[in-house]
Each structure stands twice: as C-alpha cells, then as structure tokens.
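Right, one structure below, let's go through it.
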Amino acid sequence: MRRGARSRLGLLAAASLALLAVPLAAEETVRIAVAQVRDQISLAGPELVVTDPAAGEVVQRGGPALVAPTDQGIAVGGRVVAATRLVAQSSGAITVRGLALEREVEVFREIRGGRPEIVIVHTVPIEAYVAATVSAEMPASFPAEALKAQAVVTRTFAIFRKFNAPERPYHMEAGVIDQVFGGTQRISESARAATVATAGEVLTFGRQPVRAYYHSCCAGHTESAREGWGQALPYLPGVKCPYDGDCPSQQYTARIPLARLARALLVTRVKIKRIASVKIADRTATGRVARIAIETDRGRIEISGEDLRRLVGYDVVKSRLFDLSIEGDVLVVTGRGSGHGVGLCQWGARGLALKQRTYDAILGHYFPRTKIMKMY
Ligand SMILES: [Zn+2]
Numbered sequence: 001m002r003r004g005a006r007s008r009l010g011l012l013a014a015a016s017l018a019l020l021a022v023p024l025a026a027e028e029t030v031r032i033a034v035a036q037v038r039d040q041i042s043l044a045g046p047e048l049v050v051t052d053p054a055a056g057e058v059v060q061r062g063g064p065a066l067v068a069p070t071d072q073g074i075a076v077g078g079r080v081v082a083a084t085r086l087v088a089q090s091s092g093a094i095t096v097r098g099l100a101l102e103r104e105v106e107v108f109r110e111i112r113g114g115r116p117e118i119v120i121v122h123t124v125p126i127e128a129y130v131a132a133t134v135s136a137e138m139p140a141s142f143p144a145e146a147l148k149a150q151a152v153v154t155r156t157f158a159i160f161r162k163f164n165a166p167e168r169p170y171h172m173e174a175g176v177i178d179q180v181f182g183g184t185q186r187i188s189e190s191a192r193a194a195t196v197a198t199a200g201e202v203l204t205f206g207r208q209p210v211r212a213y214y215h216s217c218c219a220g221h222t223e224s225a226r227e228g229w230g231q232a233l234p235y236l237p238g239v240k241c242p243y244d245g246d247c248p249s250q251q252y253t254a255r256i257p258l259a260r261l262a263r264a265l266l267v268t269r270v271k272i273k274r275i276a277s278v279k280i281a282d283r284t285a286t287g288r289v290a291r292i293a294i295e296t297d298r299g300r301i302e303i304s305g306e307d308l309r310r311l312v313g314y315d316v317v318k319s320r321l322f323d324l325s326i327e328g329d330v331l332v333v334t335g336r337g338s339g340h341g342v343g344l345c346q347w348g349a350r351g352l353a354l355k356q357r358t359y360d361a362i363l364g365h366y367f368p369r370t371k372i373m374k375m376y
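Under our numbering, the first residue of the sequence shown is numbered 1, with each subsequent residue one higher.
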C-alpha cells in the first residue's frame, strides 16, 4: 500500500503543471465519476432521454433507464447499443443511487481488470463542485473562516486533479478516496457563502497548486507528507495543532477479534490459524504507527499502520495514532484523532477560527510557505 501510494504521487509530480501557464476561467468544470458498476444501474428523472451521440440516435425516451455493461457495448433496458458513451438528459434532476444530479450525465463503458464496467460521469462547474463538497466534507455549523479555509483546499484539490488526471473520462471519484461529493442540490448556506467569499482562490507553492490534503482531526500534531505519504513536500512539514480539542474522535477505542484480523490478513496471501501477538514495531516522529509486527503460526508478518486501517475499516481504526493491547482473543486499539493527519486539520481550523484567525492565517498554519492565488 505504501509503495502504491508513493508511485502514484511520483506520477502526479512528474505531471505537475506550471499553473500560470494554464488559463483558468470562472466557468471551468470538473468531471466526477459518481458511480462505477459491473452490473446494472438505474438512471431516473423527469422526461429522461438517453441518446447515442456518435450515432445521433435516441436510445430510450422516458425513464427510468436501466443501463449495464456488456461485451458488445452498453445495454439500455435490455437492448444492447454498440457504443462506449451515451448521454442521459432530463428536464429536472437525474437520480443515480440516491444522488440527485442536475440535468445531464454521461454513461461510459470502460474495461477495467479485463471486464467491462459502466462509469456514470457528471460534469459540474468548479465553484458548484466546491460548494457541494464543502457541504459534504465539513459541518455547516463550523465557523465561516474554517469553511473558507476548507473551500480553498477543496478547490485546490479539484484543480490539481483536473490538470493531473490520467487518461480517463473523469477527473475525480465521488467517494472518500477523492472528496465526498453529494450533488449540488443540497448545498448548505454557510458552505455556499464560504465558496463565494473565496471564489477562484487556490493554495499554491512555487506558483503551482499544492497537494491540498485534509483530514478531520490530527489530535495535537499534523503528520508530515514525508512520513504520511513517503514523499517530502516543503509545505507539509507537520505542524503543532493545539486547537482541535473539541474533536469528537479525540479518543476512541476499537475492539477487533483476532479471528477477524486473521481473516483480513488473507489479502497478504497467508492463511493464518493463530495470532500470538500484535505489537507496534515503529512509529513516526509524531507518534503515529508506521509498522506493526504480527506473530502468527505462519511466522512474523509486518504491515503498516495504514494497512491496519484499510484492512479492518477506516471508521474502526480512525487514525494512525494508537496503542495496541490484546485482551483474551481481542485486539484493543486505543487511539486519538481521525483521518490520516496530513494537511489541514478540520477541527483545528475550527479551533483557530474560534480564536478569530482568518482563513488565510489558518491555511498558512497548516501549509506553511504557501500563497493564496486568485485564478479567476
Ligand atoms: Zn489538529
């Protein structure tokens, strides 16, 4: 996992852009993959029309439309259309898996892992994307300056991804891997105001958009990019954060049956019958767990702290700042904080805003040496 994350970052670094060379406009858009499925998915909306733009044909009029990937193309209501891209339009919102999207989505057929899949892509103006994502990623009740800091970070993330996207029909996914996008129809008033107040503003270093990482709550000290992601970035050295004490995940306890951990470790291709001990082998400078040593009937296995989170669930082991003990046949994780700990600490931003700090000062704290630039 660490190696994967590292090579992905390396790829992005190689493709980094000279920001000022790229003219940006207020109507700039981002393309979001809102669903990726191998089976069937329903598109519903008033006066729905599905067309095959390449053939200039209407495929279905009226909804809902059930679309599915096939070896020959895209099945719509059971009929196979020999196409790799269809467009669905509606006079109102198009509902895809409970997400209400405005008026139009594209349906792509892609091959992943040798098998066809359907990717539903929705295109949104960047500012609407920022407002929707701030709504989904930060409580609407947070102070205005914290929401403004989040808006700049969210916009920076989107612009970075847009100009560094691999050759795919979308820039970002809608889930927690990228940023949570909940559609543009449920934007809180406070998120909208924070977006308008910072319109076009991007966080930069050396005139390029930064890797605008953020997390819920670092519990006292953010993690450096070097120790968190394996790549040193001058603007992500890890900083003190004595401002996030109100975070509800300041302390957490997770109890994981050893049998469940053994099952989760099947992904390492080792079939374990018995776990004798689980110990922290190495920590980063901020105390986060770098490596865990597991003694089993099949020998010693080492995983990273992030591996443990991924294997048993990011919402179970909420951070990499934890201690381990074994009680009977249960692994007890006693931890602090929530999220990977790199970049903006959302609860810390709230704490700083309550101390009357402005959003640019908040961003300067978590991303030292950066500069806010207005791109449009
Ligand atoms: Zn913090």
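A virtual CB, placed ideally from N, CA and C, is assigned to each residue, including glycine.
None of these values were measured; they are calculated from a predicted model.
In this structure, DSSP gives Gly-92 an extended state, which the three-state scheme calls strand. With a threshold of 7 Å, the Cβ atom of Asp-246 does not count as near ligand 1, since no heavy atom of the ligand is closer than that. Under the three-state reduction of DSSP output, Tyr-376 falls in the coil class, being neither helix nor strand. When secondary structure is reduced to three states using DSSP, Gly-351 falls in the helix class. Shown here, Thr-195 sits in a helix according to DSSP, grouped into three states. About 5 Å separates the CB atoms of Gly-200 and Met-375; that is less than 8 Å, so the two are in contact.
Just so you know, the alpha carbons of Trp-229 and Thr-133 end up roughly 23 Å apart.
Taking C-alpha positions only, Val-153 is separated from Ala-174 by approximately 16 Å. Look at Trp-229: its beta carbon is at least 7 Å from all of the heavy atoms in ligand 1. Contact between the segment 140 to 147 and the segment 348 to 359 is established, with three or more Cβ pairs separated by less than 8 Å. DSSP places Tyr-129 inside the alpha helix (DSSP H), whose first and last residues are 126 to 137. Within the same chain, Asp-282, Arg-283, Thr-284, Ser-304, Gly-305 come within 7 Å of Ala-290 by CB-CB distance, once the 5 residues on both sides are set aside.
Counting only the Cα atoms, Thr-253 lies some 11 Å from Asp-315. A distance below 6 Å between beta-carbons, with the five flanking residues on each side excluded, links Val-119 to the following residues of its chain, in chain order: Ala-33, Gln-36, Phe-108, Glu-110. His-340 has its alpha-carbon roughly 35 Å from the corresponding atom of Leu-43. With a threshold of 7 Å, the Cβ atom of Gly-343 does not count as near ligand 1, since no heavy atom of the ligand is closer than that. By the CB criterion at 8 Å, Thr-296 and Arg-263 fall outside the cutoff. Of all alpha-carbon atoms in Gln-208, Thr-222, Ser-277, the one lying nearest the alpha-carbon of Ile-372 is that of Gln-208.
Per the coordinates, the alpha-carbon of Ile-301 lies some 28 Å from the alpha-carbon of Cys-218. Within the same chain, and ignoring the five residues on either side of Val-124 in sequence, the residues whose Cβ sits closer than 7 Å to its Cβ are Thr-29, Val-30, Ile-32, Thr-184.
Here Thr-70 carries a coil assignment [DSSP, helix/strand/coil].
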